[in-house]
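To start, the structure under review is shown below, and the notes come after it.
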Amino acid sequence: MSAPMRTLLDLLVDEESLGAPLLELVRAAVDDAKRGAGPSRKRLELNRFEITIDVELDEAVIEDVLEPPGVAVRRVSTRELIAALERARRDRSPVRRYADAARRHEQGTNDADPRKANRAARELTRLWKQIRRSDEQLAEFVELLGHEALSVRLWAATHLLPIDPLRAERAIEELTREPGILGFGARMTLQEWRAGRLREP
1 MSAPMRTLLD LLVDEESLGA PLLELVRAAV DDAKRGAGPS RKRLELNRFE
51 ITIDVELDEA VIEDVLEPPG VAVRRVSTRE LIAALERARR DRSPVRRYAD
101 AARRHEQGTN DADPRKANRA ARELTRLWKQ IRRSDEQLAE FVELLGHEAL
151 SVRLWAATHL LPIDPLRAER AIEELTREPG ILGFGARMTL QEWRAGRLRE
201 P
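For reference, each letter of the sequence shown is one residue, going 1 to 201 in full-length UniProt numbering.
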């Protein structure tokens, strides 16, 4: 059974690396059009996407996207797009997005898809830099050590090693008993950490 067709809006909302920049680009285009400082139609380029929006009368629509295949194009208003992006950003904390990225990294690794895995790894690093600056988010982040997905536990514990080594090592020790890539990764992480060779992921 084939996977259901995802719309462009689904993709833009789901992927933080696309959603946040696009939200600002669309807002800026609409604001410029309202002030008469910009064209009523504007082509936006974001990552692998090329999107044309019509900002006249504050009714921007996503009209076209060149990539990726398997994604349906659906016309949406500016209000719908901005509301969806803002709702996703509000409802999903950095810690929750971190857990989602760890799962995508695992999926990319299991599927032998280095592009997907590397993109998720970059997002994990970016989110960790954001999380570690907030005591409130760090407190929420520590709870990932008990996450149902073992890959999430390993990523979280690895990032916590310099901050809370005892708790992080204990979590990784438990994962060393797991079979396959995850258990091997946990063993190598501890080995490199204890040898002083582990670079922050």
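Quick reminder that beta carbons are idealized off the backbone N, C-alpha and C, glycines included. Since the model is a prediction, treat every value here as computed from it, not as a measurement.
Among the options, nearest to residue i - alpha-carbon criterion
{"i": "T158", "options": "R35, L150, E169", "result": "E169"}
{"i": "V95", "options": "E136, A171, Q107", "result": "E136"}
{"i": "R167", "options": "Q107, D32, G146, Y98", "result": "G146"}
{"i": "R133", "options": "L198, K116, I163", "result": "I163"}
{"i": "L150", "options": "I172, Q191, R115", "result": "I172"}
Euclidean distance between Cα positions of residue i and residue j
{"i": "K129", "j": "L160", "result": "12 angstroms"}
{"i": "D113", "j": "R35", "result": "45 angstroms"}
{"i": "G185", "j": "E140", "result": "24 angstroms"}
{"i": "W193", "j": "L127", "result": "21 angstroms"}
{"i": "D31", "j": "N110", "result": "44 angstroms"}
{"i": "A28", "j": "E174", "result": "49 angstroms"}
{"i": "G108", "j": "T125", "result": "16 angstroms"}
{"i": "P165", "j": "E106", "result": "24 angstroms"}
{"i": "E59", "j": "E148", "result": "Confidence at E59 is low in this model, with a pLDDT of 45, below 50, so the placement of that residue should be treated as unreliable; the coordinate-derived value is given next. Their Cα atoms are separated by approximately 42 angstroms."}
{"i": "R177", "j": "V142", "result": "21 angstroms"}
{"i": "G196", "j": "R187", "result": "14 angstroms"}
{"i": "R97", "j": "Q191", "result": "28 angstroms"}
{"i": "R189", "j": "R199", "result": "With the sequence shown as reference, residue 189 is identified as Thr, and Arg is not the correct amino acid for it. Straight-line Cα distance between these residues: approximately 10 angstroms."}
{"i": "I131", "j": "R115", "result": "24 angstroms"}
{"i": "S93", "j": "L138", "result": "12 angstroms"}
Which of helix, strand or coil DSSP assigns to residue i
{"i": "E63", "result": "Note that E63 has pLDDT 43, beneath the 50 cutoff, so the model's placement of it is unreliable and the number below is only indicative. Correct three-state label for E63: coil."}
{"i": "D32", "result": "helix"}
{"i": "E178", "result": "coil"}
{"i": "S134", "result": "coil"}
{"i": "E148", "result": "coil"}
{"i": "L161", "result": "coil"}
{"i": "G196", "result": "coil"}
{"i": "A100", "result": "The residue you asked about is not Ala; residue 100 is Asp in the sequence shown. The answer is helix: DSSP assigns D100 an H, G or I state."}
{"i": "A121", "result": "helix"}
{"i": "A186", "result": "helix"}
{"i": "S2", "result": "Confidence at S2 is low in this model, with a pLDDT of 37, below 50, so its placement is unreliable and no value can be given for it."}
{"i": "A112", "result": "coil"}
{"i": "P94", "result": "helix"}
The segment 114 to 124 / the segment 169 to 185 touching (three or more Cβ pairs under 8 angstroms): no
Meets three-Cβ-pair contact criterion under 8 angstroms: the segment 95 to 109 and the segment 150 to 165: yes
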